[in-house]
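J.: So the protein sequences, as listed, match chains A and B.
Throughout the first sequence, residue numbering follows the numbering used here, covering 100 to 435 in sequence.
Throughout the second sequence, residue numbering follows the numbering used here, covering 100 to 435 in sequence.
Here a beta-carbon is modelled for each residue, glycine too, at the ideal position from N, C-alpha and C.
2 protein chains.
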Amino acid sequence: MADKKVGKQTLQFACAPAITSWASIVGPMEGQGPLKEYFDMVLEDNLAPGEQSWEKTEQKLMQHSMELALEKVKILPGDLDFYFAGDLLNQIITANFTARFLSIPFIGLYGACSTLAEGLCMGSIFLDGGFAEKVGVSASSHHDTAERQLRFPTEQGSQRPLTAQWTVTGAGSYVLQKTGTGIVITHATIGKIQDLGESNANNMGTAMAPAACDTIITHLQDLGRKIHDYDLIITGDLGEVGLAVLKELLGSKGYATDRVSDCGVLIYEPQQDVHSGGSGCGCSAVVLNYLLDEMLYKKKYYRIFFVGTGALLSPTSSFQGESIPGIAHGVVLEYR
Amino acid sequence: MADKKVGKQTLQFACAPAITSWASIVGPMEGQGPLKEYFDMVLEDNLAPGEQSWEKTEQKLMQHSMELALEKVKILPGDLDFYFAGDLLNQIITANFTARFLSIPFIGLYGACSTLAEGLCMGSIFLDGGFAEKVGVSASSHHDTAERQLRFPTEQGSQRPLTAQWTVTGAGSYVLQKTGTGIVITHATIGKIQDLGESNANNMGTAMAPAACDTIITHLQDLGRKIHDYDLIITGDLGEVGLAVLKELLGSKGYATDRVSDCGVLIYEPQQDVHSGGSGCGCSAVVLNYLLDEMLYKKKYYRIFFVGTGALLSPTSSFQGESIPGIAHGVVLEYR
Chain A
100 MADKKVGKQT LQFACAPAIT SWASIVGPME GQGPLKEYFD MVLEDNLAPG EQSWEKTEQK
160 LMQHSMELAL EKVKILPGDL DFYFAGDLLN QIITANFTAR FLSIPFIGLY GACSTLAEGL
220 CMGSIFLDGG FAEKVGVSAS SHHDTAERQL RFPTEQGSQR PLTAQWTVTG AGSYVLQKTG
280 TGIVITHATI GKIQDLGESN ANNMGTAMAP AACDTIITHL QDLGRKIHDY DLIITGDLGE
340 VGLAVLKELL GSKGYATDRV SDCGVLIYEP QQDVHSGGSG CGCSAVVLNY LLDEMLYKKK
400 YYRIFFVGTG ALLSPTSSFQ GESIPGIAHG VVLEYR
Chain B
100 MADKKVGKQT LQFACAPAIT SWASIVGPME GQGPLKEYFD MVLEDNLAPG EQSWEKTEQK
160 LMQHSMELAL EKVKILPGDL DFYFAGDLLN QIITANFTAR FLSIPFIGLY GACSTLAEGL
220 CMGSIFLDGG FAEKVGVSAS SHHDTAERQL RFPTEQGSQR PLTAQWTVTG AGSYVLQKTG
280 TGIVITHATI GKIQDLGESN ANNMGTAMAP AACDTIITHL QDLGRKIHDY DLIITGDLGE
340 VGLAVLKELL GSKGYATDRV SDCGVLIYEP QQDVHSGGSG CGCSAVVLNY LLDEMLYKKK
400 YYRIFFVGTG ALLSPTSSFQ GESIPGIAHG VVLEYR
């Protein structure tokens with residue numbers, strides 16, 4: 100028997116790895132949203148100073164967010180044992196070029212918008228398993244790199260349906276250490292793909308909601324817990340439309356939904372005209388900065404279940420008539 | 100101190116997870132190569148029976164290779180704790196749709212041609228760390244899906260320079276269990292990105308050779324071993340050109356090179372006109388099937404260092420003038 104596995108999909112971390120530092124950098128739109136005070140830096144433009152392309156801007160965002168997170172705890176990149184990162188771009192070039200710069204042994208991940216949660220799971224496993232003392236985790240997205248790669252040329256100004264989410268420009272980075280106090284990761288639940296047949300790439304929240312629901316219920320069953328054992332269950336990123344679907348799914352199975360929220364819903368103001376809310380690996384990666392600040396400095400939450408959700412499609416799979424597989428990975432964060 | 104880490108980048112597995120099963124399916128060209136007898140199935144055409152696209156063919160290859168590997172040890176997909184997979188396609192759709200079909204908790208990886216090695220590292224860490232009892236690992240590529248995505252439309256019939264490698268059509272899958280005899284994984288070395296400035300996407304072997312060299316030397320230093328402590332050190336996939344560069348790099352630092360070989364060199368006959376040899380995540384994923392057969396059934400090797408090598412570029416990064424970051428992850432395979 101795997102002694103650190105509980106139930107079907109949940110892992111229990113005896114050492115409870117600590118998240119000892121975090122940092123975030125966002126684009127101008129996110130810098131006008133309700134969480135602006137929680138981000139370390141806000142770009143004035145969609146291009147970073149001195150950069151000629153959105154892709155190189157995104158890479159700098161990820162790199163600087165990790166550098167900032169390391170600075171806060173006075174750790175050099177070379178002191179990290181391993182680095183886990185991923186992004187939305189083809190062949191995860193943002194993560195690759197960041198890992199080249201940082202020069203840390205690197206594990207490339209792809210989980211679409213669940214990437215940050217996937218990285219936190221992997222990092223915790225390395226730490227709790229005795230394979231590392233300190234690891235770094237990053238995820239990012241950029242509105243313009245994602246839109247032109249995955250949907251339409253940015254200059255085309257295509258109309259977006261109301262179910263569509265707005266890809267966040269932002270990067271979030273985290274330092275995890277084997278021992279520490281403050282915020283710790285006690286459990287991870289690794290998700291299974293769920294696909295109920297949604298095939299509209301402009302309605303990814305609906306495509307991902309069943310995966311979020313499955314991971315949340317499996318997690319609660321694995322640990323014998325209830326929704327109200329958490330101060331907050333937060334998905335990233337279903338948006339308004341997907342969150343409503345998730346609440347309906349949970350409610351129909353008899354689960355409370357009053358403490359369920361979503362990073363994509365929190366990041367923008369309604370008047371910012373983003374339709375269903377934020378998305379992209381960068382969304383939950385920067386909103387988790389806000390949540391951790393609320394836990395650590397304001398004692399607002401003592402235990403959160405943070406559930407990253409990914410829509411695992413590509414333009415090619417959509418063109419070939421496939422529906423959209425969703426996945427959700429979760430970690431339990433506790434303030435101690 | 101991380102008690103399972105030795106030296107800078109190497110992990111030591113006290114439980115020595117066993118590779119209890121493996122399977123491979125290849126395309127017609129690979130089925131005419133020197134290793135044809137070692138593959139479980141050979142496609143007659145670049146399309147699988149009943150499939151309308153190369154992408155859906157690649158997905159079926161990965162899926163069937165995992166199903167075959169599971170059948171050999173009479174394990175159902177649902178008996179696996181976790182599934183690690185990745186491929187070359189944008190947003191790793193091959194792995195995503197395979198994970199949807201298998202319905203196993205899934206970790207998506209991207210490491211280009213190092214993906215299989217990356218998956219074997221992750222799987223071993225889950226098993227040795229006490230997080231799982233049984234895991235599955237797959238990687239795949241398809242010549243026609245990769246070429247049209249990463250280089251030129253297949254129908255264009257572009258000429259290829261002699262330094263270019265031929266993307267393998269094939270998928271390989273592996274079942275790893277916490278305890279077992281036969282072939283076991285004793286160590287993993289996680290690579291750092293190396294980039295000496297090579298920017299020719301038709302010379303990826305040269306771009307990846309420095310990463311292979313760095314991982315091999317770091318591994319030997321971490322464990323205080325010599326090249327001749329291994330019966331074979333095999334990279335995947337540098338091709339003829341990259342292997343020559345690797346041998347030159349190793350030789351210049353005083354290391355023996357007589358037991359160093361490459362999966363991309365082994366998979367085709369010289370008369371198959373593939374120029375520098377094979378590449379793609381599927382190349383090392385199917386050639387490792389051959390190596391394990393040689394270890395287990397013919398006792399040809401007792402200890403191998405299998406080093407997956409990845410070129411972490413994308414068409415976008417090349418268009419924007421970037422050089423090609425290389426990475427290499429290695430696992431030590433022992434016959435016991």
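1. Using CA coordinates, which residue listed in B:T156, B:L395, B:G420 is at the minimum distance from I282 (chain B)?
2. Starting from the Cα of H163 (chain B), find the closest Cα among B:A198, B:L187, B:Q419 and give me that residue.
3. Any C-beta of chain A sitting closer than 8 Å to the C-beta of Q108 (chain B)?
4. For K398 (chain B), which option in B:Q293, B:M161, B:E433 has the closest C-alpha, if you only look at C-alpha atoms?
5. Mind pulling the chain B residues with CB within less than 7 Å of K155 (chain A)?
6. Where does the unbroken beta strand (DSSP E) through D227 (chain B) begin, and where does it stop?
7. Examine chain A for any beta-carbon lying closer than 8 Å to the beta-carbon of F183 (chain B), and answer yes or no.
8. At the level of alpha carbons, what is the spacing between L261 (chain B) and Q131 (chain B)?
9. Quick check: the Cα distance between Y401 (chain A) and A117 (chain A), rounded to an integer number of angstroms?
10. Can you give, in chain order, each stretch of the beta strand (DSSP E) that sits fully within the stretch 320 to 351 of chain B and has at least 3 residues?
11. Could you check where the beta strand (DSSP E) with L110 (chain B) kicks off and where it finishes?
12. Closer than 7 Å by C-beta to E50 (chain A): which residues in its own chain qualify, once you throw out the five before and the five after it? Chain order, please.
13. Mark Q108 (chain B) as exposed unless 16 or more other C-beta atoms lie within 10 angstroms of its C-beta, in which case mark it buried.
14. In this structure, how does DSSP classify F196 (chain A) when only helix, strand and coil are distinguished?
15. Determine the extent of the beta strand (DSSP E) in which T253 (chain A) is found, giving its start and end residues.
16. In chain order, what residues of the same chain have a beta carbon less than 6 Å from the beta carbon of P424 (chain A), not counting five sequence neighbours either side?
17. In the stretch 270 to 297 of chain A, which residues sit with their C-beta less than 8 Å from some C-beta in chain B, listed in chain order?
18. Find the nearest neighbour of C114 (chain A) within the set A:G149, A:M161, A:S223, judged by alpha-carbon distance.
19. Contact criterion: CB-CB distance below 8 Å. Does P424 (chain A) meet it with respect to chain B?
20. Show which residues of chain A have a CB atom less than 8 Å away from the CB atom of L208 (chain B).
21. Which residue wins for smallest C-alpha separation from I426 (chain A), given the options A:G420, A:S413, A:G350, A:G409?
22. Are there 16 or more other CB atoms within 10 angstroms of the CB of F205 (chain B), so buried, or fewer, so exposed?
23. Please list the partners that T334 (chain B) has in chain A, where partner means a Cβ-to-Cβ separation under 9 Å.
24. What does the Cβ neighbour count give for A355 (chain B), buried or exposed, with the cut at 16 atoms within 10 Å?
25. Within 8 Å (strictly less), CB to CB, does K217 (chain A) reach chain B?
26. Rounded to whole angstroms, what's the CA-CA distance from S417 (chain A) to A300 (chain A)? Just pull it up for me.
T.: Answer, in terms of the structure:
1. Taking the first residue of the second sequence as position 1, residue 282 (chain B) is located at position 183. Of the candidates B:T156, B:L395, B:G420, the one whose C-alpha sits nearest the C-alpha of I282 (chain B) is B:L395.
2. For the purposes of this step, residue 163 (chain B) is taken as the residue at position 64 of the second sequence. Here the closest residue by C-alpha is B:A198.
3. Residue mapping note: residue 108 (chain B) aligns to position 9 of the second sequence, counting from 1. True, the Cβ-Cβ gap to chain A drops below 8 Å.
4. The sequence position of residue 398 (chain B) within the second sequence is 299, counting from 1. Among B:Q293, B:M161, B:E433, the Cα nearest to that of K398 (chain B) belongs to B:E433.
5. Taking the first sequence and counting its residues from 1, one reaches residue 155 (chain A) at position 56. Within chain B, the residues near K155 (chain A) are Q419.
6. In the second sequence, counting from the first residue as 1, residue 227 (chain B) sits at position 128. It is not in any beta strand (DSSP E) - D227 (chain B) instead sits in the alpha helix (DSSP H) that spans 214 to 227.
7. As a working mapping, residue 183 (chain B) is identified with position 84 in the second sequence. With 8 Å as the cut-off, F183 (chain B) does not count as an interface residue toward chain A.
8. As a first step, residue 261 (chain B) is located in the second sequence; it is residue number 162 there, counting from the start. As a first step, residue 131 (chain B) is located in the second sequence; it is residue number 32 there, counting from the start. Between L261 (chain B) and Q131 (chain B), the C-alpha separation is close to 21 Å.
9. As a working mapping, residue 401 (chain A) is identified with position 302 in the first sequence. As a working mapping, residue 117 (chain A) is identified with position 18 in the first sequence. When the Cα atoms are used, Y401 (chain A) and A117 (chain A) turn out to be separated by approximately 14 Å.
10. 331 to 335
11. Translated into positions along the second sequence, residue 110 (chain B) becomes position 11. Looking at the DSSP string, the run of the beta strand (DSSP E) that includes L110 (chain B) is 109 to 111.
12. Shown here, chain A extends from 100 to 435; a query on residue 50 (chain A) therefore has no answer.
13. As a first step, residue 108 (chain B) is located in the second sequence; it is residue number 9 there, counting from the start. Classification of Q108 (chain B): buried, given that the 10 Å Cβ count is 16 or more.
14. Along the first sequence, one-based indexing puts residue 196 (chain A) at 97. Of the three classes helix, strand and coil, the one that applies to F196 (chain A) here is helix, per DSSP.
15. The residue labelled residue 253 (chain A) in the question sits at position 154 within the first sequence. Run containing T253 (chain A): none; DSSP gives neither H nor E here.
16. Residue 424 (chain A) sits at position 325 when you count from the first residue of the first sequence. Within the same chain, P424 (chain A) has close Cβ partners I292, D294, L411.
17. K277, I289, G290, K291, I292, D294
18. Numbered from 1 along the first sequence, position 15 holds the residue referred to as residue 114 (chain A). For C114 (chain A), the nearest C-alpha among the options comes from A:S223.
19. Start at 1 with the first residue of the first sequence, and residue 424 (chain A) comes out as number 325. Yes - at least one Cβ of chain B is within 8 Å of the one on P424 (chain A).
20. In the second sequence, counting from the first residue as 1, residue 208 (chain B) sits at position 109. The answer, in chain order, is I206, G207, L208, Y209.
21. For this step, residue 426 (chain A) is matched to residue 327 along the first sequence. It is A:G409 whose Cα lies nearest to the Cα of I426 (chain A).
22. What you label residue 205 (chain B) is simply residue 106 of the second sequence in a count that begins at 1. Buried.
23. As a first step, residue 334 (chain B) must be located in the second sequence, where it is residue number 235. Within 9 Å Cβ-Cβ: nothing; T334 (chain B) doesn't reach chain A, min ~17 Å.
24. For the purposes of this step, residue 355 (chain B) is taken as residue 256 along the second sequence, with counting starting at 1. Exposed, since its Cβ has fewer than 16 Cβ neighbours within 10 Å.
25. Start at 1 with the first residue of the first sequence, and residue 217 (chain A) comes out as number 118. Looking at the sequence provided, one finds Glu at residue 217 (chain A) rather than Lys. Yes - at least one Cβ of chain B is within 8 Å of the one on E217 (chain A).
26. In the first sequence, the residue the question calls residue 417 (chain A) occupies position 318. In the first sequence, the residue the question calls residue 300 (chain A) occupies position 201. Each residue's alpha carbon lies about 8 Å from the other.
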